[in-house]
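Asker: Following this message is one structure expressed as structure tokens.
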Amino acid sequence: MLSFFRRKKPQTPADAAKPGDAGSHYSSEELAAAFPATPEAMAANDVAAPETIPQAPRDHEPVPAEVIAAALDIEPGHPAPSLAAGRDESVTPLAQTSPVEAGPASEQAAAAGKPGWRERLRGSTFARSFNGLFSRHPKLDDDLLDEIETALITADVGVSATTALIESLRKRMKAREFADAQALLTALRADLLAMLHPVAQPLQIDTEAKPFVLLTVGVNGVGKTTTIGKLAKRFKDENRALMLAAGDTFRAAAVAQLQAWGERNGVPVVAQGQNADAASVAFDALQAAKARGTQVLIADTAGRLHTQQGLMAELGKIKRVLQKVDASAPHEVLMVIDGTTGQNALSQLRQFHAAVGVTGLVVTKLDGTAKGGVVFALAREFGIPIRYAGIGERPEDLRVFDAEAFVDALLPETLGA
Ligand SMILES: Nc1nc2c(ncn2[C@@H]2O[C@H](COP(=O)(O)OP(=O)(O)O)[C@@H](O)[C@H]2O)c(=O)[nH]1
Ligand SMILES: [Mg+2]
């Protein structure tokens, strides 16, 4: 098949907007300069005077049992084992402190390699495009490269990352580096892994932070609240004193959803109900968490489109209000990205990073219809750590992002046999 991608060299909006060379990452300063705040946004950013902010958390109404049941249509389970290997003494690697790590489930997991990943990602466009590709094109030639190029683009790897991968393979093929198509596949797997290695950095809870504040952000429906619920379960299993802040005050159901996760996991939830000021909820929660000696505070926020300037500015306000209580907070700004989004994920991350300084990513819904490739595009464009991957709806389906397991699931070592 002919490759129109290589020959036409199309420009995506993401490529067009990208300064510097193709492989460069954005600093917060570059992003802030590229997306200056408007006067309206600056005004909206004004931090509420401390005296206008309630000093104590409000008790919330009890959540009806049916709401809890509806919100928690899941089975409890064990968090996944991880590659986490902390070196800093002041920092506790999450996975290493997990009591379930030593349990029979994790021993079984270790014996089976990286369980779940292949099975869950089998349906992705990435895996499906490559499945059978090498048996249809067993010969090492330009046609094989064109097919691979098309498969990568179709899987949302993005034009710039795909071009870089293909041109490198082409050079090495011309230099007769590969004995056969299988050798080229091995090289492609290694190149893909090399793209992900720098971003496969597990979240580590700094135990010096009291509490460690984790602020979740992202557009609507990407899986923020579900991810918080899964993290709550994980942290709880690690015996961490935990608190949640119901910062999505746009919808009453959003508060109830978080309260339901809290009740299921025995975790206190600070909420003020619908239409409350999200920054005020965050402020309350951090005060309460400090007073109680909580180790980890996870704050939910309402989903917002990256193009909604006023709402994006509100995130900056939440951050600044948190900093009134603790100058080092939030310790992690975790952006949740829906893996089915495609290349739009890049503009989302660009805008959220400019507004609030994203320090880690969770890519959800990689099971099901996700194409899978956007993870590579995100890694290449931004270099922001990918903390977790959502590969299903159960708590144990939020996995510490594992570059090897991910590449292996999308592109197994032996294909098209
Ligand atoms: N299949 C799948 N669904 C997910 C995953 N993460 C979240 N979801 C679903 O995505 C939907 C929206 O999640 P929610 O947490 O309410 O999104 P929010 O608006 O960002 O808070 C829910 O139906 C979740 O069950 C995942 O990793 N895989
Ligand atoms: Mg939500």
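Read the sequence shown against full-length UniProt numbering and you will find it ends at 417, with the numbers running on by one and no gaps.
All C-beta atoms, glycine included, are put in the ideal place defined by N, C-alpha and C.
From a predicted model like this one, the values you see are computed outputs, not experimental measurements.
Using beta-carbon positions only, say whether leucine 315 and threonine 301 come within less than 8 Å of one another.
Answerer: For leucine 315 and threonine 301, yes; Cβs fall inside 8 Å.
Asker: Hey, is glycine 303 close to ligand 2, as in C-beta under 7 Å from one of its heavy atoms?
Answerer: Under cutoff, so the answer is yes.
Asker: By how many angstroms is the C-alpha of arginine 176 removed from the C-alpha of arginine 394?
Answerer: Each residue's Cα considered, the two are about 47 Å apart.
Asker: Could you tell me whether any non-hydrogen atom of ligand 1 is closer than 7 Å to the CB of valine 222?
Answerer: Indeed, a heavy atom of ligand 1 lies less than 7 Å from the Cβ.
Asker: What whole-angstrom Cβ distance do leucine 196 and phenylalanine 406 have, given they're in contact under 8 Å?
Answerer: 7 Å between Cβ atoms; contact.
Asker: Can we say the region 363–377 touches the region 314–329, given the rule of at least three CB pairs closer than 8 Å?
Answerer: The answer is no - the region 314–329 does not touch the region 363–377, with fewer than three Cβ pairs under 8 Å.
Asker: Can you tell me whether asparagine 239 is buried or exposed, with buried defined as 16 or more other CB within 10 angstroms of its CB?
Answerer: Exposed.
Asker: In whole angstroms, what is the alpha-carbon distance linking leucine 410 and glycine 229?
Answerer: Going by the C-alpha atoms only, they are around 27 Å apart.
Asker: When the Cβ atoms of the region 331–343 are set against those of the region 212–225, are three or more pairs found closer than 8 Å?
Answerer: Contact between the region 331–343 and the region 212–225 is present, because at least three Cβ pairs lie under 8 Å.
Asker: I'd like to know if the region 267–282 and the region 316–324 are in contact, where contact means that at least 3 CB-CB pairs between them fall below 8 Å.
Answerer: Yes, the region 267–282 is in contact with the region 316–324.
Asker: In angstroms with no decimal places, state the Cα-to-Cα distance between threonine 163 and glycine 383.
Answerer: So the alpha carbons of these two residues sit roughly 18 Å apart.
Asker: Buried or exposed: lysine 171, going by 16 or more other Cβ atoms within 10 Å of its Cβ?
Answerer: Burial call: exposed.
Asker: According to DSSP, is aspartate 191 part of a helix, a strand, or is it coil?
Answerer: Helix at aspartate 191.
Asker: Quickly, what does DSSP pair glycine 390 with across the bridge? List them, please.
Answerer: DSSP lists Leu398 as partners of glycine 390.
Asker: List the endpoints of the continuous alpha helix (DSSP H) containing glutamate 177.
Answerer: No alpha helix (DSSP H) contains glutamate 177, which DSSP labels as neither H nor E.
Asker: Spell out the partners DSSP gives methionine 335 in its beta bridges.
Answerer: Answer is Val217 and Leu361, bridged to methionine 335.
Asker: Are there 16 or more other CB atoms within 10 angstroms of the CB of aspartate 141, so buried, or fewer, so exposed?
Answerer: Exposed, by the Cβ-count rule.
Asker: Relative to the C-alpha of alanine 194, which candidate in Val336, Ala403 and Thr125 has its C-alpha closest?
Answerer: Looking at the Cα atoms, Ala403 is the closest of the given residues.
Asker: From phenylalanine 130 to proline 202, what does the alpha carbon distance come to, in whole angstroms?
Answerer: Each residue's Cα considered, the two are about 28 Å apart.
Asker: Look at the Cβ atom of phenylalanine 401, then the Cβ atom of leucine 192, and state whether they are nearer than 8 Å.
Answerer: For phenylalanine 401 and leucine 192, no; Cβs fall outside 8 Å.
Asker: Indicate, with yes or no, if ligand 1 has a heavy atom lying under 7 Å from the CB of lysine 365.
Answerer: Yes, Cβ of lysine 365 sits closer than 7 Å to a heavy atom of ligand 1.
Asker: Using the three-state DSSP reduction, which class does isoleucine 153 fall into: helix, strand or coil?
Answerer: Correct three-state label for isoleucine 153: helix.
Asker: Taking 7 Å as the cut-off, is the C-beta of alanine 254 nearer than that to any heavy atom in ligand 2?
Answerer: Because some heavy atom of ligand 2 lies under 7 Å away, the Cβ of alanine 254 counts as near it: yes.
Asker: Looking at the unbroken alpha helix (DSSP H) that takes in leucine 286, where does it start and where does it end?
Answerer: Residues 278–292.
Asker: Nearest-angstrom Cα distance between arginine 122 and arginine 128?
Answerer: C-alpha separation (whole angstroms): 7 Å.
Asker: Using a threshold of 8 Å, state whether the C-beta atoms of leucine 378 and leucine 361 are closer than that.
Answerer: Cβ distance < 8 Å, so leucine 378 and leucine 361 count as in contact.
Asker: Indicate, with yes or no, if ligand 1 has a heavy atom lying under 7 Å from the CB of glutamate 404.
Answerer: Every heavy atom of ligand 1 is 7 Å or more from the Cβ of glutamate 404, so no.
Asker: For asparagine 265, is the classification buried or exposed, using 16 other Cβ atoms within 10 angstroms of its Cβ as the cut-off for buried?
Answerer: Per the 10 Å Cβ criterion, buried.
Asker: Tell me the DSSP bridge mates of valine 296?
Answerer: For valine 296, which the question treats as bridged, DSSP gives the partners Phe212 and Leu242.
Asker: Taking just the CA atoms, how far does isoleucine 337 sit from leucine 305?
Answerer: Taking the straight line from one Cα to the other gives about 12 Å.
Asker: What does residue 434 pair with, by DSSP beta-bridge criteria?
Answerer: Here the chain comprises residues numbered 1 to 417, so residue 434 is not present and cannot be evaluated.
Asker: Is aspartate 146 helix, strand or coil when you go by DSSP?
Answerer: Residue state, collapsed to three classes: helix.
Asker: Hey, glycine 390 and alanine 155: beta-carbon distance below 8 Å or not?
Answerer: Against a cut-off of 8 Å, the Cβ pair of alanine 155 and glycine 390 comes out as no contact.
Asker: Measuring alpha carbon to alpha carbon, tell me which residue in Val296, Ala232, Leu244 and Asn220 is nearest arginine 251.
Answerer: Checking every option, the nearest Cα to that of arginine 251 belongs to Asn220.
Asker: Give every residue of the same chain whose Cβ lies closer than 6 Å to the Cβ of alanine 299, excluding the five residues on either side of it in the sequence, and list them in chain order.
Answerer: Contacts found: Leu215, Ala245, Gly247 and Ala282.
Asker: On the criterion of 16 or more Cβ atoms from any shown chain inside 10 Å, does lysine 174 qualify as buried, or is it exposed?
Answerer: Under this definition lysine 174 is an exposed residue.
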